[in-house]
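Asker: Numbering (this note's numbering), first residue to last: 5 to 170. The C-beta atom is built at its ideal place from N, Cα and C for all residues, glycine as well. Sharing a structure below in structure tokens format, with a few things to ask.
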């Protein structure tokens, strides 16, 4: 269980780096596809670089983020195979990892950073968003979150089955 929690933390760090790289450094409108409509309406298409190499740094952070998240899944599978996990042990490990990641997404990103302007994260990079951010935005993407949770189960079942074949 400790390994599963550590792998979940690894995925959370990757998700945060993904947000930081996309919103903070690449600063392209395409990274706002899951943002509330109010924010999308205000954000410019693309912002100029604040310093030379800013966008390259952002893409490097995004690559590291995907590596962390993918690495967590690979390490979880590898450790489970070494420990001779059953289908249900793999299933439980991966579903816990994804549910904790989703809880982090909802609790930290949506509630804290977006709705409560935690650390002024978004407004530091997009000051024009300040007037539209607030508590009323919480839950704007609940259908998407619900769809993700529903899709977790067949995806995790497939991944768990593949791991038991190895």
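Are residue 81 and residue 11 close, meaning C-beta to C-beta below 7 Å?
Answerer: No, they are not a contact pair.
Asker: Within 10 Å of its beta-carbon, does residue 130 have 16 or more other beta-carbons around it, so buried, or fewer, so exposed?
Answerer: Its Cβ being crowded by 16 or more others within 10 Å, residue 130 is buried.
Asker: Whole angstroms are fine: how far does the CA of residue 36 sit from the CA of residue 27?
Answerer: Their Cα atoms are separated by approximately 8 Å.
Asker: If you compare alpha carbons, which of 136, 164 and 157 is closest to residue 44?
Answerer: Of 136, 164 and 157, the residue nearest in Cα terms is 136.
Asker: Candidates 116, 70 and 133: which alpha carbon is nearest residue 17's?
Answerer: It is 70 whose Cα lies nearest to the Cα of residue 17.
Asker: Let me check one thing: in DSSP terms, what residues is residue 32 bridge-paired to?
Answerer: DSSP output for residue 32 lists 50 as bridge partner(s).
Asker: Spell out a yes or no on whether the region 99-118 and the region 149-165 are touching, meaning 3 or more CB-CB pairs, one atom from each, closer than 8 Å.
Answerer: Verdict: yes, contact present.
Asker: Which residues in the same chain as residue 93 place their Cβ atom closer than 7 Å to its Cβ, once the five residues preceding and following it in sequence are excluded?
Answerer: Answer for residue 93: 84, listed in chain order.
Asker: Nearest by alpha-carbon distance to residue 63: which of 154, 139, 24 and 110 is it?
Answerer: Comparing Cα-Cα distances from residue 63 to each of 154, 139, 24 and 110, the minimum goes to 24.
Asker: Comparing C-alpha positions only, which one of 99, 87, 29 and 153 sits nearest to residue 67?
Answerer: Ranking 99, 87, 29 and 153 by Cα distance to residue 67 puts 29 first.
Asker: Name the two residues that bound the continuous alpha helix (DSSP H) containing residue 19.
Answerer: First-last of the alpha helix (DSSP H) with residue 19: 6-23.
Asker: Only counting the same chain, and skipping five residues up and downstream in sequence, which positions put a Cβ closer than 7 Å to that of residue 51?
Answerer: Cβ neighbours of residue 51 beyond the five flanking positions: 31.
Asker: Which of helix, strand or coil does DSSP assign to residue 88?
Answerer: Three-state DSSP puts residue 88 in coil, outside helix and strand.
Asker: For a test of the three-state rule: what should DSSP assign to residue 140, helix, strand or coil?
Answerer: Note: residue 140 maps to helix in three-state DSSP.
Asker: Nearest by alpha-carbon distance to residue 117: which of 102, 96, 132 and 139 is it?
Answerer: Checking every option, the nearest Cα to that of residue 117 belongs to 139.
Asker: If you drop the 5 nearest sequence neighbours on each side, which residues of the same chain put their C-beta closer than 6 Å to that of residue 99?
Answerer: Counting only Cβ-Cβ distances below 6 Å, and skipping sequence neighbours, we find 160.
Asker: May I have the straight-line CA-CA distance separating residue 95 from residue 19, to the nearest angstrom?
Answerer: Roughly 21 Å between the two C-alpha positions.
Asker: Within the same chain, show all residues whose beta-carbon is closer than 6 Å to that of residue 61, passing over the 5 residues directly before and after it, in chain order.
Answerer: Hits under 6 Å: 29.
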